[in-house]
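Chemist: Protein chains in written order, with numbering that gives the first Met the number 0: chain A, 0 to 315; chain B, 0 to 315. I'd like to ask you about the structure that follows.
Protein chains: 2
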Amino acid sequence: MSARPVAVLAGGVGAARFLRGLVRILPPEEITVIGNTGDDMWWHGLYIAPDLDTVIYWLAGVADESRGWGVRGDTFTAQAALAMITDRSWFQLGDRDLATHLYRTGRLAAGVPLHRVTGELAERLGVRSRILPMSDARIETRLKTDAGDLHFQEYFVREHWRPAVHEIYWTGLDEASPAPGVAEAIEAAGLVLIAPSNPSISIEPILRVPGMRAMLRAARGKTVAISPLIGGRAVKGPTVELLRAEGVRPDALGVAERYQDLATGFVLDTADAALAPSIAAIGYRIAVRPTMLDDVESARDVASTAVNLLREPAAA
Amino acid sequence: MSARPVAVLAGGVGAARFLRGLVRILPPEEITVIGNTGDDMWWHGLYIAPDLDTVIYWLAGVADESRGWGVRGDTFTAQAALAMITDRSWFQLGDRDLATHLYRTGRLAAGVPLHRVTGELAERLGVRSRILPMSDARIETRLKTDAGDLHFQEYFVREHWRPAVHEIYWTGLDEASPAPGVAEAIEAAGLVLIAPSNPSISIEPILRVPGMRAMLRAARGKTVAISPLIGGRAVKGPTVELLRAEGVRPDALGVAERYQDLATGFVLDTADAALAPSIAAIGYRIAVRPTMLDDVESARDVASTAVNLLREPAAA
Numbered sequence: 000m001s002a003r004p005v006a007v008l009a010g011g012v013g014a015a016r017f018l019r020g021l022v023r024i025l026p027p028e029e030i031t032v033i034g035n036t037g038d039d040m041w042w043h044g045l046y047i048a049p050d051l052d053t054v055i056y057w058l059a060g061v062a063d064e065s066r067g068w069g070v071r072g073d074t075f076t077a078q079a080a081l082a083m084i085t086d087r088s089w090f091q092l093g094d095r096d097l098a099t100h101l102y103r104t105g106r107l108a109a110g111v112p113l114h115r116v117t118g119e120l121a122e123r124l125g126v127r128s129r130i131l132p133m134s135d136a137r138i139e140t141r142l143k144t145d146a147g148d149l150h151f152q153e154y155f156v157r158e159h160w161r162p163a164v165h166e167i168y169w170t171g172l173d174e175a176s177p178a179p180g181v182a183e184a185i186e187a188a189g190l191v192l193i194a195p196s197n198p199s200i201s202i203e204p205i206l207r208v209p210g211m212r213a214m215l216r217a218a219r220g221k222t223v224a225i226s227p228l229i230g231g232r233a234v235k236g237p238t239v240e241l242l243r244a245e246g247v248r249p250d251a252l253g254v255a256e257r258y259q260d261l262a263t264g265f266v267l268d269t270a271d272a273a274l275a276p277s278i279a280a281i282g283y284r285i286a287v288r289p290t291m292l293d294d295v296e297s298a299r300d301v302a303s304t305a306v307n308l309l310r311e312p313a314a315a
Numbered sequence: 000m001s002a003r004p005v006a007v008l009a010g011g012v013g014a015a016r017f018l019r020g021l022v023r024i025l026p027p028e029e030i031t032v033i034g035n036t037g038d039d040m041w042w043h044g045l046y047i048a049p050d051l052d053t054v055i056y057w058l059a060g061v062a063d064e065s066r067g068w069g070v071r072g073d074t075f076t077a078q079a080a081l082a083m084i085t086d087r088s089w090f091q092l093g094d095r096d097l098a099t100h101l102y103r104t105g106r107l108a109a110g111v112p113l114h115r116v117t118g119e120l121a122e123r124l125g126v127r128s129r130i131l132p133m134s135d136a137r138i139e140t141r142l143k144t145d146a147g148d149l150h151f152q153e154y155f156v157r158e159h160w161r162p163a164v165h166e167i168y169w170t171g172l173d174e175a176s177p178a179p180g181v182a183e184a185i186e187a188a189g190l191v192l193i194a195p196s197n198p199s200i201s202i203e204p205i206l207r208v209p210g211m212r213a214m215l216r217a218a219r220g221k222t223v224a225i226s227p228l229i230g231g232r233a234v235k236g237p238t239v240e241l242l243r244a245e246g247v248r249p250d251a252l253g254v255a256e257r258y259q260d261l262a263t264g265f266v267l268d269t270a271d272a273a274l275a276p277s278i279a280a281i282g283y284r285i286a287v288r289p290t291m292l293d294d295v296e297s298a299r300d301v302a303s304t305a306v307n308l309l310r311e312p313a314a315a
């Protein structure tokens, strides 16, 4: 079985850290990223797509990798001026980052669908992989919390994911369909990867797009998921908290169970090796690797492991 | 007759230069500016109101007075990044200036009408006069030119007002009405001023708002216009070119004739003193002053002249 081309379901930073390894072991042109847009929001008139931007910035080599969002070396002059005229300034807009939002918003206003604008941005920033939004439709991830009914960004950025979450839900699903190119990418793929992203709010919105889960179920035999948890903790963000809110076991086994109808390969961290037998027992072919992905070498290793996992002879 | 309160019909820089004198001889709180919005445009998803911004920035003391637009000391980081991803970057967006556009666009998107947003911006930037748009409706000044049918900003900024203009016209007038507060300001005014702005594309759009001309005709006896021309030339911009395109005599007398049904006082430049008798002959009370307005003293002098013109005993 050829691993090419590859389709990757992706959230933000976790996926981006993984993808910078993947593009080093496969021709970037053969990779299609299907990105979460549930976190997108309108902010002071601009359409912001944080996960798509994160993936594009990392693959373009301009990401602020230590901060985890925005453009490296960016300035915040507009942001500071905005904070002088409104309290509504909790979502940080870097000056260079603003150019991305301006371009995207202007094109959307001109009637260009999100998948085309995303492709234009990726191309103009020098990204050779194909970056697709999960849908051109406006799907919004919302959370019912102790602090009220919040947009994901309100919960994550404004409230620093402190409120207890009671429910995650989505608006806009009814009218939505996968973006043009998504179905073709999954069908043509020799390998589908579920990036080490938050299952509840990065991967789940992608799966919720009408038609998507059925397509991915049909692709189960060629799909490998990478666990976003290490020793029961997230590298960054509220992965554990949100899995708990959903009643999912917040560890690698819980994630593996969650993806059971979608994937046959599973990569988990060495810290979770004790869970490997249980994950294998529910039908996965597994690999155990250090998955912190905090440098390119580690990302390349995990990517290589994921790419080869289903190509190796099955264990006895 | 008391000159207070005062209503001022205003375009961009010419009006702003005049207003910085007016606010020094009258309590700023007693001044209502009725600003042109025909030059407004959507630009990369943001709603830009160049004339309102110019007036606000000048009165707030943050304008780049030598450049004539934007904020003093602004940086252009977002602009430079935008120019890397699109050719559509001829309209310059300063980083601090962007905060104004972001705030305005966000509020408009939230359903707040333009006159309220304008008031909020002016207040938050410390402007004590009331700044109103001529209308909350979207009225667009367009020009038929040798280079095609252009938005005013395309003609003015992108094409550097080089194309020959055949016709000026407006879209959006049918549904428009004066912004809330405009009629009250004109009615309550002891004095209405027509700022030294381009008659064709700064003042005319205001007059075209349905209902506006009739109100201003009724206010004729308390209205003073200040000529935007000096020796038959504009201080800045295509005033002469556009008057010619309209078949209007491109000098102080032509402007006076144009405002004949709207004003009884007229301030013209010393360079145009030879036209004074002709302007007086068509029914104006006139004053002749240096009107370059290139410093605060000159602006204060012209403002004072305009404010007192109709209060003085009529000449024999």
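Every residue, glycine too, gets a C-beta built ideally from N, C-alpha and C.
#1: Which residues of chain B have a Cβ atom closer than 7 Å to the Cβ of D173(A), listed in chain order?
#2: Is the number of C-beta pairs between the region 83-91 of chain B and the region 29-44 of chain A that are closer than 8 Å three or more?
#3: So is H114(B) buried or exposed if we call it buried at 16+ other beta carbons inside 10 Å?
#4: So that I know if they touch, is there some Cβ in chain A lying closer than 8 Å to that of T43(B)?
#5: So for T140(A), helix, strand or coil by DSSP?
#6: Candidates P195(B), Y102(B), A79(B): which alpha carbon is nearest A79(A)'s?
#7: Counting contacts by CB-CB distance shorter than 8 Å, is I84(A) in contact with chain B?
#8: To which residues does DSSP link Y46(B) through a beta bridge?
#9: Please determine whether the Cβ atom of R212(A) lies at a distance below 7 Å from any heavy atom of the ligand COA.
#10: For chain A, is any of its Cβ atoms less than 8 Å away from the one on A305(B)?
#11: Here's the rule: buried if 16 or more other CB atoms are within 10 angstroms of the residue's CB, otherwise exposed. What is K235(B)?
#12: Please report the Cβ distance between T104(A) and E139(A), rounded to the nearest whole angstrom; I am assuming they are in contact, meaning their Cβ atoms lie under 8 Å.
#13: Comparing the C-beta of Y56(B) with each C-beta of chain A, is any distance below 8 Å?
#14: Among residues of its own chain, excluding the 5 on either side of A182(B), which ones have a beta-carbon nearer than 7 Å to its beta-carbon?
#15: In whole angstroms, what is the alpha-carbon distance linking A262(B) and R284(B)?
#16: Assign S297(B) to one of three DSSP states: helix, strand, or coil.
#17: Quick one: Cα of V54(B) to Cα of I200(B), how far?
#18: Counting only beta-carbon separations shorter than 8 Å, does S170(B) have a partner in chain A?
#19: Grab me the residues of T76(B)'s own chain with a C-beta within less than 8 Å of its C-beta, minus the 5 sequence neighbours each way, in chain order.
#20: Reducing DSSP to helix, strand and coil, say where D260(B) ends up.
#21: Closer than 6 Å by C-beta to P353(A): which residues in its own chain qualify, once you throw out the five before and the five after it? Chain order, please.
#22: Determine the closest residue to G282(A) out of D294(A), M83(A), G264(A), A272(A), with distance taken between C-alpha atoms.
#23: Just to confirm the assignment: which complete alpha helix (DSSP H) runs, minimum length 4, are found wholly within the region 171-252 of chain B?
#24: In the region 75-110 of chain A, which residue ranges form an unbroken beta strand (DSSP E) of at least 3 residues, counting only runs that do not cross its ends?
#25: With DSSP as the reference, please indicate the residues paired to D268(B) in a beta bridge.
#26: Excluding the 5 residues preceding and the 5 following R141(B) in the sequence, name in chain order all residues of the same chain whose CB lies nearer than 8 Å to its CB.
#27: Using a 10 Å radius around the Cβ and a threshold of 16 neighbouring Cβ atoms, would you call A224(B) buried or exposed?
#28: Check each residue of the region 88-103 of chain A: if its Cβ is closer than 7 Å to any Cβ of chain B, include it; give the result in chain order.
#29: For a cutoff of 8 Å on Cβ pairs, would you count G264(B) as touching chain A?
#30: From the DSSP secondary-structure annotation, give me the bridge partner or partners of T31(A).
#31: Establish whether the CB of R123(A) and some CB of chain B are separated by less than 8 Å.
#32: Shorter than 8 Å from the beta carbon of T76(A) to some beta carbon of chain B?
#33: In terms of residues, what are the limits of the beta strand (DSSP E) holding L149(B)?
#34: Can you tell me which residues form a DSSP beta bridge with V70(B)?
#35: Cβ closer than 7 Å: which chain B residues qualify as neighbours of L81(A)?
#36: Measure from the C-beta of V7(B) to each C-beta in chain A and report whether the shortest distance is under 8 Å.
Modeler: With the given structure in hand:
#1: Within chain B, no residue comes near D173(A); the closest Cβ sits about 23 Å away, beyond 7 Å.
#2: no
#3: buried
#4: Checking the sequence, you will find His at residue 43(B) rather than Thr. With 8 Å as the cut-off, H43(B) counts as an interface residue toward chain A.
#5: strand
#6: Y102(B)
#7: yes
#8: W41(B)
#9: For the structure depicted, the ligand COA is absent and the ligand set is empty, with no information on it obtainable.
#10: no
#11: exposed
#12: Not quite, the Cβ-Cβ distance comes to about 17 Å (not below 8 Å), so this is no contact.
#13: no
#14: M214
#15: 9 Å
#16: helix
#17: 16 Å
#18: According to the sequence provided, residue 170(B) is Thr. The question's Ser does not apply to it. Not one chain A Cβ lies under 8 Å of T170(B).
#19: D94
#20: coil
#21: Outside the shown range of chain A (0 to 315) lies residue 353(A), about which nothing can therefore be said.
#22: G264(A)
#23: 181-187, 203-207, 211-217, 238-244
#24: none
#25: R288(B)
#26: D148, L149, H150, F151, I167, Y168, W169, T170
#27: buried
#28: D94, R95, L97, A98, L101, Y102
#29: no
#30: A6(A), R129(A)
#31: yes
#32: yes
#33: 147-150
#34: A62(B)
#35: A98, L101, Y102
#36: no
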